Amino acid sequence: MLMKYWRLYQIMAAFRAFQLAELFPKSILPNRFKFVLFMMFWVSKKAKHCNRGERLKLALQELGPIWVKLGQMLSTRQDLLPDDLLISLSQLQDQVKPFDGEQAKHIIEQALSTSIETLFDDFQFTPLASASIAQVHSAKLKSSGAAVIIKVLRPNIQPLIKADIAVMYWCAERLVKMNYDARRLRLTEVVSDYEKTIFKELNLLQEAENTKRLRNNFIKSDMLYIPYVYRELCRANVLVEERISGISINNIAELKERGVNLKLLAERGVDIFFTQIFRDNFFHADMHPGNVFINASDPINPTYIGIDCAIMGELSKEDQYFLAQNFIAFFNRDYQKIAELYIESGWVPEDTNVFALETAMREVCDPIFAKSLGEISFAQILYNLFNVARQFNMVIQPQLVLLEKTLFYIEGLGRRLYPQLDLWSTAKPFLEAWYQEQMSPLHIAKNMMHALPQWQDLLPDLPKKLKQFEKSNRQLILQLNELNLQLSRTKKWLIKLWSVVLCIVVLSTLINLF
1 MLMKYWRLYQ
11 IMAAFRAFQL
21 AELFPKSILP
31 NRFKFVLFMM
41 FWVSKKAKHC
51 NRGERLKLAL
61 QELGPIWVKL
71 GQMLSTRQDL
81 LPDDLLISLS
91 QLQDQVKPFD
101 GEQAKHIIEQ
111 ALSTSIETLF
121 DDFQFTPLAS
131 ASIAQVHSAK
141 LKSSGAAVII
151 KVLRPNIQPL
161 IKADIAVMYW
171 CAERLVKMNY
181 DARRLRLTEV
191 VSDYEKTIFK
201 ELNLLQEAEN
211 TKRLRNNFIK
221 SDMLYIPYVY
231 RELCRANVLV
241 EERISGISIN
251 NIAELKERGV
261 NLKLLAERGV
271 DIFFTQIFRD
281 NFFHADMHPG
291 NVFINASDPI
301 NPTYIGIDCA
311 IMGELSKEDQ
321 YFLAQNFIAF
331 FNRDYQKIAE
341 LYIESGWVPE
351 DTNVFALETA
361 MREVCDPIFA
371 KSLGEISFAQ
381 ILYNLFNVAR
391 QFNMVIQPQL
401 VLLEKTLFYI
411 EGLGRRLYPQ
421 LDLWSTAKPF
431 LEAWYQEQMS
441 PLHIAKNMMH
451 ALPQWQDLLP
461 DLPKKLKQFE
471 KSNRQLILQL
481 NELNLQLSRT
491 KKWLIKLWSV
501 VLCIVVLSTL
511 INLF
C-alpha cells in the first residue's frame, strides 16, 4: 500500500514539474481535486517552453519504462487523444535510458548457461536501442559469423510493472466512480488493454515463435521481410535474431532522398495488412513506427521490414467473413446489411432491434461519404461502427480491439508516406476477391475435405444419435401435450372461480341496495 501511494506521489510530482494540469479536462475531475491541482501545478516549470505534448512525453520518460510503454500504446488511440499529443507520444520509441551492459551480459550468460565468448564474437556492451521492456545489443555468431541482435529483458521488470499497473487501475477506478466523462472514455478498459499487452511482451519465447510464424507466411514475399530467429538461443528473457538494416519508416526525408516509390510503399502497407488478416489470419498488432523499417536498396521496389512480434492478433473464420462483409456493405452504403451482420456474428445480442441499429449506423456513417474516397479513413469507419455497436451492448472482443488499433497504425503510416493514398482502391478489390474465393466451389470442397475426419468419426454413431434424438423428441411432445392438458384444466377451473366470484359480488351489491 505504501508503495502505491509513493508511486502516486512520484506521478503527481512529475506532472507538476512538467506543468500538465491542462491534460485533465475540468469536467473529468471532482471539485475537491481542482484546488489541489491548482496549488500543485504552479510550483514548477521544468519544461515551460515546450508544448503540452512534449511536456507529457518528458514526464512519462521521467516516470520510467512502464509509463513510456503506456505512452507508446496511447500514441495509436486516435479515438482518445488529440493530434498534438499523439504526435509527441509517437516519438517515445526507443528513447528509454539503458541499463548497464555488464548486467545485460550477466543476464544472457545465466539464461544460456554459458559465457558470452562461447557463443558470440564482438558483443557490444553499449546497446543499439533501449526500449521500455528490453534493450538490444549487437554481436556476431561464433559458429557462422552472422550479425545478430540479442534482446534482453530489463532486470526485475515484472514487480515494477505490477506496481505501476495497480496504480493505473486505482486512478482509473476512482475517476470512473467520480465522473461520467471518465466512464465514457472507458479508462479501466484502456488500463486492462495495456496490462494484457505489456505482459505478453515479457515472454520472449512467445515472441520468437510469433516471429518464426510470421516469417514463414511472408518467406517468398517482395512486400515484407521478417528477420530470422535463432530459436535454439532464445529463452524467456533472451531473444537472438538476425540483425537487419533499413531506414526507419519515420525518416520520410531520407526515403524521399533515396528516391523511394512512396505511393507503392503506402499501397504495399495496406496489402500487407489485409494479407495478414484475411489470408493468414495472423497479424502483427504492434506496428508502431519504431517496429517498421524500409529496405530501399531497390527504391523502385521497396520492401517493408517488420520487427518485434510480441503482440500478434488472430481472428476466427466467422470474424474474418463478417469483417470483410462489413467493409463491402459500408462501401455500398448498405446499413441494413451491416446491422444484420453484427447480429448474425454475435457481436451484439440477437434480440437487438435491426432497424434501430441500422438507423444509428446510418446517422454516424453517412456524413463520411461527403468526403472523397481518398479522404475516407478505414480506421475511422471501423471505430465508428464499433462505437455504435457498443451502444447496443456489443461484447468487447480483444481480437477486434487489436485489429482496430492496428488499422489506425497502418493507415496513419500509409497516409504519412503518401497523403493521397486511396485505401478503397487498394483494399476493395482485395476484399471482394477474398470473399469470392471463400464462396467458390473449390474452397467449399476444400473445407469439406478438411472436415472429413470429423465426419468419419461422427457417421458411425449417426443412426444411434438420430434414434436418441427421435426418442427425446417424442418424450418432449408427450410432455408438451400433458402440459397443454393441465393448462386447459387450469383455465376451465379459473373461469368457474371467476364466475363464482362475480356472482358473489353481484349478490353483495344487490343486498346493499335493498
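For the sequence shown, the UniProt record's numbering gives the first residue as 1, with consecutive numbering after it. Backbone N, C-alpha and C fix where the C-beta goes; we use that ideal spot for every residue, glycine too. No experiment lies behind these values; they were computed from the predicted model shown.
| query | result |
| --- | --- |
| Sequence-distant residues of the same chain with beta carbon closer than 6 Å to Leu421, five excluded per side | Ala266, Gly414 and Arg415 |
| For Phe322, the nearest candidate out of Leu341, Gly313, Leu255 and Glu314 (CA to CA) | Leu341 |
| Residues near Leu485 in its chain [Cβ-Cβ closer than 8 Å; skip 5 each side] | none |
| From Leu400, Ser472 and Gln325, residue whose alpha carbon lies closest to that of Ala427 | Gln325 |
| Test item: CB-CB of Asn301 and Gly246 under 7 Å | no |
| Any alpha helix (DSSP H) of 4 or more consecutive residues that is wholly inside the region 370 to 429 | 378 to 391 and 398 to 417 |
| Bridge-paired residues (DSSP) for Gln135 | Ser130 and Val152 |
| Residue range of the unbroken beta strand (DSSP E) whose run includes Asn295 | Val292 to Asn295 |
| Contact belief for Leu407 with Leu431 at Cβ below 8 Å, rounded distance in angstroms | At roughly 13 Å, the Cβ-Cβ gap does not stay under 8 Å, so Leu407 and Leu431 are not in contact. |
| Start and end residues, beta strand (DSSP E) containing Tyr304 | Thr303 to Gly306 |
| Lys200 - DSSP class collapsed to helix/strand/coil | helix |
| For Leu89, the nearest candidate out of Phe99, Trp67, Phe120 and Gln103 (CA to CA) | Trp67 |
| Gly313, DSSP secondary structure in three states | strand |
| Collapsed DSSP secondary structure at Tyr435 in the structure displayed | helix |
| DSSP state of Asp121 mapped onto helix, strand, coil | strand |
| Strand pairing of Ile247, partner residues [DSSP] | Ile294 |
| Beta strand (DSSP E) segment containing Leu239, residue limits | Val238 to Glu242 |
| Contact under 7 Å by Cβ, Lys200 with Ala310 | yes |
| Contacts around Ala285, its chain only, beta-carbon distance under 8 Å, and the 5 residues preceding and following it disregarded | Ile311, Met312, Gly313, Leu402, Leu403, Lys405 and Thr406 |
| Phe278, DSSP secondary structure in three states | helix |
| Nearest to Ala147 (by Cα), restricted to the options Ala129, Thr359, Gly306 and Tyr230 | Tyr230 |
| Buried or exposed by the 16-neighbour rule on C-beta atoms within 10 Å, applied to Pro441 | exposed |
| Residue range of the unbroken alpha helix (DSSP H) whose run includes Cys365 | Val354 to Cys365 |
| Cβ-based neighbour list, Leu153, same chain, cut-off 6 Å, excluding 5 preceding and 5 following | Ala134 and Asn237 |
| Same chain only: Cβ atoms within 7 Å of Glu350, ignoring 5 sequence neighbours per side | Ile343 |
| Local Cβ density within 10 Å of Gly145, reported as buried at 16 or more and exposed below that | exposed |
| Own chain partners of Phe278 with C-beta closer than 7 Å, once the 5 adjacent residues on each side are dropped | Gln320, Ala324 and Trp434 |
| Residue from Gln158, Asp83 and Asp100 whose Cα sits closest to the Cα of Val136 | Asp100 |
| For Ile252 and Val191, the rounded distance between their alpha carbons | 32 Å |
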